[in-house]
Amino acid sequence: MPQIQKEGDAMPAVGGDVTMVISGSEIGQTIYVGYTAYYAPFLEYGTAPHIIEPKEKAALHFDWKGEGVFFTRVKHPGTRPVAFVGRAAAQWNVTVNQVVQELRNRAGVRA
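Going by the numbering used here, the final residue of the sequence shown carries number 223, and the count climbs one at a time with no gaps.
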């Protein structure tokens, strides 16, 4: 499971790096959890089976079974959701409690 990262840290993901952003003001009441890569929603929610066709070239090129192959159309089976944002959001309680405790410590307040 991807771990919650601090703002700006890269998180390895299928297909590349997705930056998980968790940010909030020092004493604010809002925490934002999200991602920066354009393809992150496809990883988060998955995709249905779909057709892939070239946009600017005559064919798509892939390395398949050790050989370069060309296709004019590919039936992609879809992808299962990774749901890393949902899992990170489920950890909010722990994160919020840590931030609240740190702020209490700074203010000298005992819980």
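Just so you know, even glycine gets a beta-carbon here, dropped at the ideal spot from N, CA and C.
Contact annotation, GLY158 with PRO193: C-beta distance approximately 4 Å; criterion of less than 8 Å satisfied. Every alpha helix (DSSP H) stretch that sits fully inside the segment 189-217 and reaches 4 residues is listed by chain position as 196-202. Beta bridge pairing from DSSP links GLY180 with ASP175.
In the structure shown, TYR151 adopts coil according to DSSP, grouped into three states. A distance below 8 Å between beta-carbons, with the five flanking residues on each side excluded, links GLY180 to the following residues of its chain, in chain order: HIS173, PHE174. As the crow flies, the alpha-carbon of GLN203 is around 19 Å from that of ALA152. With a cutoff of 7 Å on beta-carbon distance, PHE182 and ALA171 are scored as near each other. Residue pairing by DSSP places VAL186 opposite ILE164 in a beta bridge.
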